[in-house]
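Protein chains in written order, with the working numbering: chain A, 3 to 117; chain B, 242 to 349.
In C-alpha cells, the structure reads:
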C-alpha cells in the first residue's frame, strides 16, 4: 500500500513569513496527526483529526499555527508568521482509528528552517 | 496530561551485547505503549508495542516489559547488530506523548 505522503520535503523561509505543509494519508485512514519534531527531541503532537473533525489541538500554538482537513482526507498545516523556534521537522501520520488501537504510520516529514 | 521520561539519552554497546532502554510515564490511565525506531533523516517506524493487559511481549530479538504499578516500561534488544544503531523513542497515552529518545550505537 502507498504510504503517507508529505510535501514539500524541505522549506527555508525568513522569520515572519508564512508557510504551508500538505499531507495525504494512507487511503482509508480516518485519523490524521501532525507532529513537530525539534532536532534531538521526540515528536510532539500538534493536532489530531478524526475524519474532518479535530480530536485534540491542545498543543497547537493557535496564534500562529492552523490546520485543516477538508473532506476528511488531505490536510494542510500553516504557520503565519513563522518564528526562529519553529525550525523543526513536521511529521504527518495516519491510522485506521485512534491511537492505542491502531498503528500510526508516519510520512517522511517536512524539514522547515526559519532564518 | 501525560509526561514520559526516557533513559538513557545515549547508549553504546558492543555488537552481540544486549541493550535496555527505560521509560516512565505519569498518567495511570495510559494503556498503550509503543516503541519507535528512527534512523538518521528518516521517519519513525513502529518496532513493537504493548497494551496494559499484557506484562511482556517479544518479537525475535526485541522485547518490551510493562510494570503498570510502577508506571514504567522497557525495551530490550538482544544480540545487537550494527543495523540496530538508531534513535529509539518510547511513547504512552491516548494522545501519544513521546519520550526524549535514546541514541543507540552498536559498535562492530
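Here a beta-carbon is modelled for each residue, glycine too, at the ideal position from N, C-alpha and C.
Given the structure is predicted, the values throughout are model-derived calculations rather than measurements.
Using a Cβ-Cβ distance cut-off of 8 Å, determine whether residue i contacts chain A.
i, result
"residue 346 (chain B)", "no"
"residue 349 (chain B)", "no"
Is the Cβ of residue i closer than 8 Å to any Cβ of chain B?
i, result
"residue 58 (chain A)", "yes"
"residue 67 (chain A)", "no"
"residue 87 (chain A)", "no"
"residue 111 (chain A)", "yes"
"residue 62 (chain A)", "no"
"residue 93 (chain A)", "yes"
"residue 105 (chain A)", "yes"
For residue i, which residues does DSSP report across the bridge?
i, result
"residue 344 (chain B)", "B:251 and B:328"
"residue 275 (chain B)", "B:290"
"residue 54 (chain A)", "Note: residue 54 (chain A) sits in no beta bridge, so no partner."
"residue 308 (chain B)", "B:313"
"residue 79 (chain A)", "A:23 and A:69"
"residue 246 (chain B)", "B:265"
"residue 97 (chain A)", "A:33"
How would you call residue i, buried or exposed, if buried means at least 16 neighbouring beta carbons within 10 angstroms?
i, result
"residue 103 (chain A)", "exposed"
"residue 284 (chain B)", "buried"
"residue 73 (chain A)", "exposed"
"residue 349 (chain B)", "exposed"
"residue 245 (chain B)", "buried"
"residue 251 (chain B)", "exposed"
"residue 20 (chain A)", "exposed"
"residue 90 (chain A)", "buried"
"residue 27 (chain A)", "buried"
"residue 117 (chain A)", "exposed"
Following the continuous beta strand (DSSP E) through residue i, name the residue where it begins and the one where it ends.
i, result
"residue 38 (chain A)", "33-39"
"residue 113 (chain A)", "112-116"
"residue 89 (chain A)", "From DSSP, residue 89 (chain A) is part of no beta strand (DSSP E); its letter is neither H nor E."
"residue 9 (chain A)", "7-9"
"residue 64 (chain A)", "Careful: residue 64 (chain A) lies outside any beta strand (DSSP E) and carries neither H nor E."
"residue 15 (chain A)", "12-15"
"residue 297 (chain B)", "297-300"
Kindly examine the ligand GDP and report whether one of its heavy atoms sits closer than 7 Å to the Cβ of residue i.
i, result
"residue 309 (chain B)", "The ligand GDP is not part of the structure shown, which contains no ligands of any sort."
Q: Select from the stretch 285-300 of chain B all residues with a C-beta closer than 8 Å to any C-beta belonging to chain A, and list them in chain order.
A: Within the stretch 285-300 of chain B, the residues whose Cβ lies closer than 8 Å to some Cβ of chain A are 285, 286, 287, 290 and 292, listed in chain order.
Q. What residues in the stretch 314-343 of chain B have a beta carbon less than 7 Å from any beta carbon of chain A?
A. Of all residues in the stretch 314-343 of chain B, those with a C-beta nearer than 7 Å to a C-beta of chain A are 330, 335, 336, 337, 339, 340, 341 and 342, reading in chain order.
Q) At a Cβ cut of 9 Å, what residues of the stretch 24-55 of chain A count as close to chain B, listed as they run along the chain? A) Listed by position, the residues of the stretch 24-55 of chain A near chain B (Cβ gap below 9 Å) are 35, 37, 39, 42, 43, 44, 45, 46, 47 and 50.
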